[in-house]
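Participant:
Protein chains: 2
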Amino acid sequence: MSDIIQVLRRHGIQATPQRIAVAEYVLAVRTHPSADEVWEQVRRRCPTLSRATVYNTLNLFVDKGLLKTQVLKEGTVVFDPRVDAHHHFIDVDTGKIYDVPWQALKVSGAKALRGFDVREYQVILRGRRVGK
Amino acid sequence: MSDIIQVLRRHGIQATPQRIAVAEYVLAVRTHPSADEVWEQVRRRCPTLSRATVYNTLNLFVDKGLLKTQVLKEGTVVFDPRVDAHHHFIDVDTGKIYDVPWQALKVSGAKALRGFDVREYQVILRGRRVGK
DNA sequence: GTCCGATATTAGACTTAGTATCACCTGGTG
DNA sequence: CACCAGGTGATACTAAGTCTAATATCGGAC
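As you go down the protein sequences, you meet chains D and B in turn.
Position 38, counted from 1, in the first sequence is what the working numbering calls 86; the numbers after and before it change by one each time, with no gaps.
Position 118, counted from 1, in the second sequence is what the working numbering calls 166; the numbers after and before it change by one each time, with no gaps.
1. So, helix, strand or coil for D111(B), using DSSP?
2. Hey, quick one: how far does the alpha helix (DSSP H) through R92(D) stretch, first residue to last?
3. Using CA atoms only, rank isn't needed, just tell me which of R91(B), K112(B) and V155(B) is closest to A152(D).
4. Please classify D51(D) as buried or exposed, where buried requires at least 16 other C-beta atoms within 10 Å of its C-beta.
5. Rounding to the nearest angstrom, what Cα-Cα distance links A158(B) and T96(D) in this structure?
6. Could you name the residues of the same chain whose beta carbon sits closer than 6 angstroms to that of Q118(B), not counting the 5 residues immediately before and after it, in chain order?
7. When DSSP builds the beta bridges, which residues end up paired with E168(B)?
8. Could you name the residues of chain D that S82(B) contacts, counting a contact when the two beta carbons are closer than 9 angstroms?
9. Mind checking whether G175(B) and V166(D) have CB atoms under 7 angstroms apart?
10. Have a look at A160(B), T101(B) and F109(B) and flag the residue whose alpha-carbon is nearest the alpha-carbon of L56(B).
11. Anything in chain B within Cβ reach of G60(D), meaning under 9 angstroms, just list it in chain order.
12. Give the single residue among R58(B), A63(B), D132(B) and I145(B) whose Cα lies nearest to the Cα of R78(B).
13. Name the DSSP beta bridge partners of S156(D), please?
14. How far does the beta strand (DSSP E) with I53(D) in it extend, from its first residue to its last?
15. Mind listing the chain B neighbours of E168(D)? Cutoff is C-beta to C-beta under 8 angstroms, in chain order.
16. In terms of DSSP beta bridges, what is V148(D) paired with?
17. Would you say D132(B) lies against chain D (beta-carbon separation less than 7 angstroms)?
18. Who are the near neighbours of R69(D) in its chain, counting only those whose CB is closer than 8 angstroms to its CB and skipping five residues on each side?
19. Here's a check: name, in chain order, each residue in its chain whose Cβ is nearer than 7 angstroms to the Cβ of R130(B), leaving out the five neighbours to either side.
20. Measure the C-alpha to C-alpha separation of V74(D) and T64(D) and round it to an integer number of angstroms.
21. Indicate the three-state DSSP secondary structure (helix, strand or coil) for V102(B) in the structure shown.
22. Going along chain D in order, which residues have a C-beta closer than 8 angstroms to the C-beta of E88(B)?
23. Considering only the alpha carbon of each residue, which of D111(B), L173(B) and R162(B) lies closest to L161(D)?
24. Going by CA-CA distance only, name the one from D132(B), G113(B) and H136(B) that's closest to H80(B).
25. Give me the chain D residues within the contact set of F137(B), using Cβ-Cβ distance strictly less than 8 angstroms, ordered along the chain.
26. If we define contact as Cβ-Cβ less than 7 angstroms, is E85(B) a contact residue for chain D?
27. Here's the rule: buried if 16 or more other CB atoms are within 10 angstroms of the residue's CB, otherwise exposed. What is A133(D)?
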């Protein structure tokens, strides 16, 4: 797991035990956890980890481009280890967030909006997960 | 302004002075105010209005289909009097939210997503307002 | 009009997400 | 060794939102 350290260094982040523990969890996760969810999980392995450090660490990771924040849930920001462009589907029953690949949807017209210099966009879809 | 009362009644909402005051503000507004912003504004006309009533009233309006909530800002839900489908543009400098007409963008592929029963969707665009 | 149950309103306590403060603790440098 | 930068942790604080319990008001039955 020492490639985590490499990843941190490559992003200009000094590796510490706490940061490594947070990174191991948050970079591998397939859900979209909030800061407090990250704290709860990582604390099981590293019980001295403080809430402030988790918030500091996650915000640092965002600054350094390791994570992105997404505003998808009421009441909390979630963190997403996928920093490339993609869309999101939100299950209206469970609140679960699913990634939707960029190529799965096509959006046209964004460049033509007058008065708006669009830097990025994504589609937010809501509905129900079926099958699977 | 008594057509506000008609609008409330038509949506099955008992008209009270507080609800009328909130409705007058929030149904006419062009911005996307948070509950506390609504409180602050409406309180100027109706100083006895309590915070709890504003929250109750706005949530009631949402239940009854007069408003929609939108999760577009960190830390707060905003209320939108436009209940028909449209997209949103967020100015990354100011945080201001702009409506983008439904017809201005075309999204294809949403119906074809396997495993997802899409009920609604919208495009969230971020960038800078230019010109006016 | 009066009474009464149902519904609204209010102030304030409470909860939760997130930030700020500050003391302490490292690890590298002169 | 002394020092300084940066990281960590406990705790205080702020802000969004909900809950509660007491009071006020509405609307219908008489």
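Positions of the beta carbon are idealized from the N, C-alpha and C atoms, including for glycine.
Facilitator: Based on what the coordinates show:
1. helix
2. A83 to R93
3. V155(B)
4. Exposed is the call here.
5. 45 angstroms
6. In chain order, V126 and D128 place their CB closer than 6 angstroms to the CB of Q118(B), counting only its own chain and leaving out the 5 sequence neighbours on each side.
7. R174(D)
8. Going along chain D, no residue has its Cβ under 9 angstroms from S82(B), so there is no contact; the nearest lies around 12 angstroms.
9. yes
10. Proximity to L56(B) across A160(B), T101(B) and F109(B) peaks at F109(B), based on C-alpha coordinates.
11. Result: empty, since nearest Cβ-Cβ is about 23 angstroms, beyond 9 angstroms.
12. I145(B)
13. Beta-bridge pairing links S156(D) to K154(B).
14. Unbroken run through I53(D) is the alpha helix (DSSP H), D51 to R58; no beta strand (DSSP E).
15. L173, R174 and G175
16. H135(D)
17. no
18. Looking at the sequence shown, residue 69(D) is not Arg but Ala. Residues of the same chain with a CB within less than 8 angstroms of the CB of A69(D), apart from the 5 flanking positions on each side, are V90, R93, C94 and L97 in chain order.
19. D147
20. Computed Cα separation, rounded: 15 angstroms.
21. Correct three-state label for V102(B): helix.
22. Residues of chain D passing the Cβ test: none, with the nearest at roughly 21 angstroms.
23. L173(B)
24. H136(B)
25. L161, F164 and V166
26. no
27. exposed
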